[in-house]
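Student: Going by this note's numbering, the letters in the sequence shown line up with residues 82 to 231, in that order.
Just so you know, even glycine gets a beta-carbon here, dropped at the ideal spot from N, CA and C.
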Amino acid sequence: MSKIIVGVGNPLLGNDGIGIIIADMLRDMFKDIYYDIKIESSMAGGIEICEMIAGFDFAIIIDAYMGENEGNVRELSIDEYEGRVSHDVNFASAYNTLKNYIKMPELRIIGIEISDVDFGEISEEVKKAIPVVLNKIEEIMREKNACRES
């Protein structure tokens, strides 16, 4: 089963870059434990992310989403996961259209709630979400039997 994890965001915009930061951590954390997992980073939106995950059997997307409970981590449905770029096709529309024509993966979306997007560092609340996300992804990978030891 081919798997991909995509961290999405813009590291220049503080909290918005959390998905990319976590993807970078996963590259180091997973390199000797898990196999057949491609880990990518993206600053792109809807259709570009769909192109990245097309053809895989399973995908995880890690991204920030706007809300009031900064640092909250939860799984989002495809419909809840809105497009990242206003001039682009949103992710849900692109995914639902493409799955009628090409192989699209089983999908899990992990969202980290942020309350602002601004130049600067990641907030302490969002930093506290990192181990929660890493543990969640590791749990999902074990469910998918991706561990070398299994």
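(1) Assign Gly136 to buried or exposed, taking buried as 16 or more other Cβ atoms, counted over all protein chains shown, within 10 Å of its Cβ.
(2) Give me the Cα-Cα distance between Ile86 and Asp97, rounded to the nearest whole angstrom.
(3) Gly122: buried (16+ other C-beta within 10 angstroms of its C-beta) or exposed?
(4) Under 8 Å Cβ to Cβ from His168, same chain only, skipping five residues before and after it: list those, please.
(5) Could you name the residues that DSSP lists as bridge partners for Met147?
(6) Hey, could you find the ends of the beta strand (DSSP E) Val87 is sitting in?
Tutor: From the atom records:
(1) What you label residue 136 is simply residue 55 of the sequence shown in a count that begins at 1. Answer is exposed; the Cβ neighbour count stays below 16.
(2) Looking up residue 86 in the sequence shown gives position 5. Looking up residue 97 in the sequence shown gives position 16. If you take the alpha carbons of Ile86 and Asp97, they lie about 17 Å apart.
(3) The residue given as residue 122 occupies position 41 in the sequence shown. Gly is not the amino acid found at residue 122; the sequence shown has Ser there. So Ser122 counts as buried.
(4) Against the sequence shown, residue 168 aligns to sequence position 87. Its pLDDT being 41, under 50, His168 is placed unreliably in this model, and the value from its coordinates should be taken loosely. Around His168: no qualifying Cβ.
(5) Indexing the sequence shown from 1 puts residue 147 at position 66. Paired residue(s): Ile195.
(6) Counting from one through the sequence shown, the residue named residue 87 turns up at place 6. 84–89 is the span of the beta strand (DSSP E), which, as asked, contains Val87.
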